[in-house]
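Letter by letter, the sequence shown follows residues 8 to 234 in the numbering used here.
Beta carbons: idealized from backbone N, C-alpha and C, even for Gly.
These numbers come from a predicted model, not from an experiment.
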Amino acid sequence: MPHVRLRIPEGGRSDCNATTSRSPFQVVVRVWTPGAVLDSGVVSTAPGTFQYNPSAAPTISSVTPSALQPNASAPLTVTWAMAAGAEVPNATAVAVTVGGAPCTDGANNAASDTEFTYVCTAAGFPAGDFPVVLTVPAAGASAPATVSVPLTLEGAEPAAGSTAGGQALMIRGSGFAAAPEENIVAVGAAACDVVEVGPDTLVCTTTAHPEGVVEITVRTSYMSEAQ
C-alpha cells in the first residue's frame, strides 16, 4: 500500500486530498478540536467548568398548609424568593411539584421584585411526608420544603385470632395508600399481609405469633415511623 504524507492544519477539521504515483485516490483525514460534535453524534471532551451555586437557586420560605388531608386534592400556597439581582422569572415558567407530581393550575404572583407566591392544586396523597420543589428554568430548582399527610387509626376487628395466623383483620382509619404493597402492618412482632385497601379501611391477614395481647402498628411506605 503506498505511503502518503499529509499536513494537517492546526485545530479544526481538515479534509485533505493526496495522489500517489501508482494510482490516484483520495484520503480524507478529519481532526476535531475539544468540544466539537462528531458525525456520530458523540461529543468530544470539552474544556470549561460549571459551578453549582446554591445561593443562585430560588428559596421556599413557607408552604401553606403544611399538612394536607389524606387522599384529597387541595390548594397549596408556596411563598418563595429569588436571589438578589437575579432575573425576575416569567410567571408561566415557574413550576412546583409535590412528591414528584405536578402541582397543577399554578399561578405565580409577585409580592415584590424578588418575593413571590405560587398558588396551585396538589394531588391527593396517602399518609407520609412529601417534598415540595419549585423550579425556575433560568435559576434551577429550590431545596425541598415538606408537606405532611397524617395517618389516623380508629380501630380494628376482630379483637382476637389464632396464634397460627390466617385471621383476616380489618383496620379502620384514613391515610392508607391505595396500593396494598405500600402499606406495612404489624401485629405485635409479626407481619400482617395487606390484601385489600379502601378509602377508610384496610384488610390484612395475620401470621403466626406467640400468645398474648399486642399492639397493631401501621405505616405507609411514605412514612418514616409507624403508628
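The Cβ neighbour count for residue 119, taken over all protein chains shown within 10 Å, is under 16; the residue is labelled exposed.
If you compare the alpha carbons of 117, 160, 130, 105 with that of residue 137, the shortest gap goes to 105. Residue burial annotation: residue 183 is buried, with at least 16 other C-beta atoms found within 10 angstroms of its C-beta.
For the pair residue 139 and residue 70, the CB atoms are nearer than the 8 Å cut-off. Boundaries of the beta strand (DSSP E) harbouring residue 125: 122-129, taken from the DSSP string.
The residue among 192, 222, 157 with its C-alpha nearest the C-alpha of residue 74 is 157.
According to the DSSP assignment, residue 143 belongs to the beta strand (DSSP E) that extends over 135-143. Check the Cα spacing between residue 94 and each of 86, 195, 63: the tightest is with 63. A distance below 8 Å separates the beta carbons of residue 207 and residue 181.
Boundaries for residue 119: no beta strand (DSSP E) harbours it, and the DSSP string shows neither H nor E there. The three-state reading of DSSP puts residue 165 in coil, since its state is none of H, G, I, E or B. Excluding five sequence positions before and after residue 84, the CB atoms of its chain that fall closer than 7 Å to its own CB belong to 71, 124, 126, given in chain order. Excluding sequence positions up to five before and after residue 102, its CB lies within less than 6 Å of the CB of 142, all in the same chain and listed in chain order.
Secondary structure of residue 206 (DSSP, three-state): coil.
For the pair residue 132 and residue 204, the Cα-to-Cα distance works out to about 14 Å.
In the structure shown, the three-state DSSP call for residue 155 is strand.
It is roughly 31 Å from the alpha-carbon of residue 193 to the alpha-carbon of residue 151. Following the DSSP letters along the chain, one finds residue 177 inside the beta strand (DSSP E) bounded by residues 175-181. Following the DSSP letters along the chain, one finds residue 192 inside the beta strand (DSSP E) bounded by residues 190-194. The beta-carbon distance between residue 214 and residue 197, rounded to whole angstroms, is 5 Å. This is short enough to meet the 8 Å contact definition. Contact between residue 179 and residue 162 holds: their C-beta atoms lie close to 5 Å from each other, under 8 Å. Non-local C-beta neighbours of residue 217 in its own chain, meaning closer than 7 Å and more than five positions away in sequence, comprise 170, ordered along the chain.
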